[in-house]
Amino acid sequence: MLESMTPVDPLGEALHFLRMSGTFYCRSELTAPWTVALPAMENCLMLHVVTSGECRLEVGESAPLLLRTGDLALVPHGEGHRMGCGAGALPVQLFDLPRELVKDRYEILRYGGGGAPTTMICGAVRFDDAAAQRLLEALPRVIRVDAWESPEKEWLQSTLRLIVSEAQELRAGGETIITRLADILVVQAIRSWIASDPAAQTGWLGALRDRQIGRAIALIHRDPSRHWTVELLARQVGMSRSAFAARFTQRVGEPAMQYVARWKMHAAEAWLKDEATPLSELASRVGYESEAAFSRAFKRFAGVSPGSVRRSSFREIRIKPALQ
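For the working numbering, add 827 to where a residue sits in the sequence shown, where the first one is 1.
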């Protein structure tokens, strides 16, 4: 029987899962010439908002990207990259520079040769939810948003002005306002890219836009404990088994049951890192009748036991409370 066809927005749901954790922000006050090399940060998205002046952003061997006042850039996959302004400055590693720690997750960096000034708000954020991680995998190496040309330019400009004001004054609670607003800018930048780039119309993101396949994906994401089958998913979205199976594979790039199995393990991995729920309960959440069966399946998927993931996560929390 077809389930209630409540309006579903799979793409909106994926954006909803962009709940940031391990967030760390830095206000950078730089004067030309300067070049700063940022190290790779695994499983992190890096954010740069130019609040005054300009700079270039270089990721890998790609051509430099010029960022001016009001530009927002994301490096979604945590790749190492360089930023700079002016000629002749040798790259300096970010963590070799002195920084003023204002709060546990907010610092100020001052560096440069004394020339033309550039100020930025930079950040590194993690997304632990499995849906968020899948969304990030689909993003390009760099996303740039021009707040002065964006369709949402009025509120983007207002947001940037407020960030600039708070960064300059740093009144009580200022770092909290900056980080919350920057979180919103990250989601908006991703939304802007999805709406405007043809690459977002294909692959997994394109599948989310498919009325029936997108609904099936949303059902899988919402209820990983259910014993999904091709027949059941096809019935829920009003398709025949064969037509659904073929279209799912064509749009998503893998068979439906392979996606279901992998999704269960991604969800379990996120829960293992984020909470201390007993393994037996986590096993039930992803549709396994016993902890032993879940542990065997997880080890086949991840190469390590669920307990190893949890212990590793706890060590990281104790040793690195901030992204440094």
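Glycine included, each C-beta is placed from N, C-alpha and C at the ideal position.
On a predicted model such as this, the values are computed, not experimentally measured, just so you know.
CA-to-CA, the gap between V1064 and P837 works out to about 13 Å. Per DSSP, A1016 lies in no beta strand (DSSP E); the unbroken alpha helix (DSSP H) holding it starts and ends at G1001 to S1023. Our two residues, E981 and A957, have alpha carbons roughly 32 Å apart in a direct line. In the DSSP assignment, A864 falls within the unbroken beta strand (DSSP E) covering W861 to L865. Contact between V886 and E869 does not hold, since the beta-carbon distance rounds to 16 Å and is not under 8 Å. Assignment of alpha helix (DSSP H) within the region 1034-1102, counting only whole runs of 4 or more residues, yields 1038-1049, 1057-1063, 1068-1079 and 1083-1101 in chain order.
In the three-state scheme derived from DSSP, where H, G and I count as helix and E and B as strand, V1131 is classed as coil. A residue is called buried when at least 16 other Cβ atoms come within 10 angstroms of its Cβ; F851 meets this threshold and is buried. According to the DSSP assignment, A900 belongs to the beta strand (DSSP E) that extends over D898 to V902.
Around the beta carbon of I970, a 10 Å sphere encloses 16 or more other beta carbons of the protein chains shown; the residue is thus reported as buried. Cα atoms of C949 and A864: separation of roughly 13 Å, rounded to the nearest angstrom.
Assignment of T850 by DSSP, reduced to helix, strand and coil, places it in the strand class. The straight-line gap separating the alpha-carbon atoms of A943 and A1103 is approximately 50 Å. In this chain, the alpha helix (DSSP H) harbouring A1110 covers L1106 to R1112. T858 and G911 have their C-alpha atoms roughly 9 Å apart. DSSP places R1123 in the helix class (H, G or I) of the three-state scheme. Minimum Cα-Cα distance from V1079 among the listed residues S1067, R1042, R988 and G915 corresponds to R1042.
A distance below 8 Å between beta-carbons, with the five flanking residues on each side excluded, links V1113 to the following residues of its chain, in chain order: P1051, S1052, K1091, M1092, A1094, A1095 and F1121. The residue among L989, Q1015, R1018 and L892 with its C-alpha nearest the C-alpha of I1005 is L989.
Here the region 924-940 makes no contact with the region 1027-1046; the two share fewer than three CB pairs at distances below 8 Å. CA-to-CA, the gap between R1138 and L962 works out to about 26 Å.
Scanning the region 898-954 from its first residue to its last, no whole alpha helix (DSSP H) run of 4-plus residues comes out. A1070 and V1136 have their alpha carbons spaced roughly 38 Å apart. Here the C-alpha atom of W1031 lies approximately 43 Å from the C-alpha atom of G915. Here A841 has A958 and L962 as same chain residues with Cβ atoms under 6 Å from its own Cβ, once five neighbours each way along the sequence are excluded.
With contacts defined as CB atoms closer than 8 Å, A1097 and P1082 fail to qualify as a contacting pair. The beta-carbon distance between M947 and H875, rounded to whole angstroms, is 6 Å. This is short enough to meet the 8 Å contact definition. Straight-line spacing of the CA atoms in E964 and I1017 works out to 12 Å. With respect to the 8 Å criterion, P903 and L872 are classified as neighbours on the basis of their beta carbons. The residues E993, in chain order, have a CB closer than 7 Å to that of G1001 in the same chain once the five nearest residues on each side in sequence are set aside.
Bounds of the alpha helix (DSSP H) holding E964 are A957 to E964. Per the coordinates, the alpha-carbon of R1127 lies some 11 Å from the alpha-carbon of P1133. Within the DSSP secondary-structure output, V972 pairs in a beta bridge with L899.
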